[in-house]
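Engineer:
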Amino acid sequence: MENFSRYLSIDGTLTVMYCMFWIFSPADGDTLSVVAGSRVMLHCDKSSDELQQVTWRMNRVQLISFTPGRPLHAGEEAERLKINISLSQSEMYALVIESAHKSHAGNYTCDIATLTGVWEKEWELIITEPKGNWNKHLIAVATVVPCVCFLIFVFTFAVLQRAYSWHGGMNPSVCSDPQIVDGLNKL
21 MENFSRYLSI DGTLTVMYCM FWIFSPADGD TLSVVAGSRV MLHCDKSSDE LQQVTWRMNR
81 VQLISFTPGR PLHAGEEAER LKINISLSQS EMYALVIESA HKSHAGNYTC DIATLTGVWE
141 KEWELIITEP KGNWNKHLIA VATVVPCVCF LIFVFTFAVL QRAYSWHGGM NPSVCSDPQI
201 VDGLNKL
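Okay, here's the thing in structure tokens:
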């Protein structure tokens, strides 16, 4: 009985490890990472002359559906996100996003129905922020730091000059140290 419980303990641990690996493993489709503002085209890989229907989905929500000989059907989500489809067979009915932004990130699926079957292609689209233009920040810092240093110098000089004039300068009648007075008189 003790060996059996040890077996279940090890088996249970392996099962939990397998489930965790499966949950956190990447999706089956391709991962595409683009910078915000870029143009994105997702191509369906299956090209066929026997096309019956092409359907694009984002996060399981239908975006666009196209059937040859019928008008294009674009859902509310596609219109809101300004997503279109290329009706060119040479571009394999690609999904087109002219200017990608964070709300375009997600899982995309292309379903193609042909006379020979249904084909599916998946992508994970990741939108990244453009790298900061550190050159502009460097110019700003290179300009601001010397200006601030100069202002501190001017302010300090003005305060010292005011304090010097307030004390009446360094004349012998104000100064009580005889060595300083003798030094000033020699000048």
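21 is the number of the first residue of the sequence shown in this note's numbering; add one for each residue after it. Where a beta carbon is used, it is the ideal one built from N, C-alpha and C, also for glycine. Just so we're clear, the structure is a prediction, and the values are computed from it rather than from any experiment.
Of all the beta strand (DSSP E) runs that stay within the bounds of the segment 68-133, which reach a length of 3 or more residues?
Structural biologist: You should have 71-78, 81-86, 103-105, 115-117.
Engineer: As a quick exercise: from Gln109, Phe86, Ala120, pick the residue whose alpha carbon is nearest that of Thr148.
Structural biologist: Position 128 of the sequence shown, counted from the first residue, corresponds to residue 148. Of the candidates Gln109, Phe86, Ala120, the one whose C-alpha sits nearest the C-alpha of Thr148 is Ala120.
Engineer: Starting from Asp50 and walking both ways along the beta strand (DSSP E), at which residues does that stretch end?
Structural biologist: On the sequence shown, position 30 is the one that residue 50 refers to. Taken as a continuous stretch (DSSP letters only), the beta strand (DSSP E) holding Asp50 covers 50-55.
Engineer: Contact check, Thr6 vs Leu71 under 8 Å by CB: the rounded distance?
Structural biologist: For residue 6 there is no data in the structure shown, the boundaries of the chain being 21 and 207.
Engineer: What three-state label does DSSP hand Lys156 in the structure shown?
Structural biologist: Translated into the one-based positions of the sequence shown, residue 156 becomes position 136. Helix at Lys156.
Engineer: Please report the straight-line C-alpha distance between Leu92 and Gly57, rounded to a whole angstrom.
Structural biologist: The count along the sequence shown starts at 1 and reaches residue 92 at position 72. The count along the sequence shown starts at 1 and reaches residue 57 at position 37. When rounded, the distance between both Cα atoms is 26 Å.
Engineer: Could you compute how far the alpha carbon of Val81 sits from the alpha carbon of Glu97?
Structural biologist: For the purposes of this step, residue 81 is identified with residue 61 of the sequence shown, where counting begins at 1. For the purposes of this step, residue 97 is identified with residue 77 of the sequence shown, where counting begins at 1. Between Val81 and Glu97, the C-alpha separation is close to 8 Å.
Engineer: Considering only the beta carbon of each residue, do Val168 and Leu115 sit closer than 9 Å?
Structural biologist: The residue labelled residue 168 in the question sits at position 148 within the sequence shown. The residue labelled residue 115 in the question sits at position 95 within the sequence shown. Cβ atoms of Val168 and Leu115: not closer than 9 Å.
Engineer: Which of helix, strand or coil does DSSP assign to Thr136?
Structural biologist: Here residue 136 refers to the residue found at position 116 of the sequence shown. Of the three classes helix, strand and coil, the one that applies to Thr136 here is coil, per DSSP.
Engineer: Val60 bridges to which residues according to DSSP?
Structural biologist: Position 40 of the sequence shown, counted from the first residue, corresponds to residue 60. Val60 pairs with Ile117.
Engineer: Have a look at Phe170, Glu118, Arg90, Ile105 and flag the residue whose alpha-carbon is nearest the alpha-carbon of Leu83.
Structural biologist: For the purposes of this step, residue 83 is taken as residue 63 along the sequence shown, with counting starting at 1. The residue with the shortest Cα to Cα distance from Leu83 is Ile105.
Engineer: With burial defined as no fewer than 16 other Cβ atoms inside 10 Å of the residue's Cβ, what is the status of Leu145: buried or exposed?
Structural biologist: Working through the sequence shown from its first residue, we reach residue 145 at position 125. When all chains shown are included, Leu145 counts as buried.
Engineer: When you compare each of Val165, Trp143, Cys130 to Gln73 by their alpha carbons, which one comes out closest?
Structural biologist: Residue numbering aside, residue 73 sits at position 53 when the sequence shown is read from its first letter. Among Val165, Trp143, Cys130, the Cα nearest to that of Gln73 is on Cys130.
Engineer: Straight-line CA distance for Met78 to Lys151?
Structural biologist: Taking the first residue of the sequence shown as position 1, residue 78 is located at position 58. Taking the first residue of the sequence shown as position 1, residue 151 is located at position 131. Looking at the two C-alpha atoms, the distance is approximately 26 Å.
Engineer: Look at the alpha carbon of Leu52 and the alpha carbon of Leu158, and state the distance between them as a whole number of angstroms.
Structural biologist: In the sequence shown, counting from the first residue as 1, residue 52 sits at position 32. In the sequence shown, counting from the first residue as 1, residue 158 sits at position 138. Near 31 Å, if we compare the C-alpha coordinates of Leu158 and Leu52.
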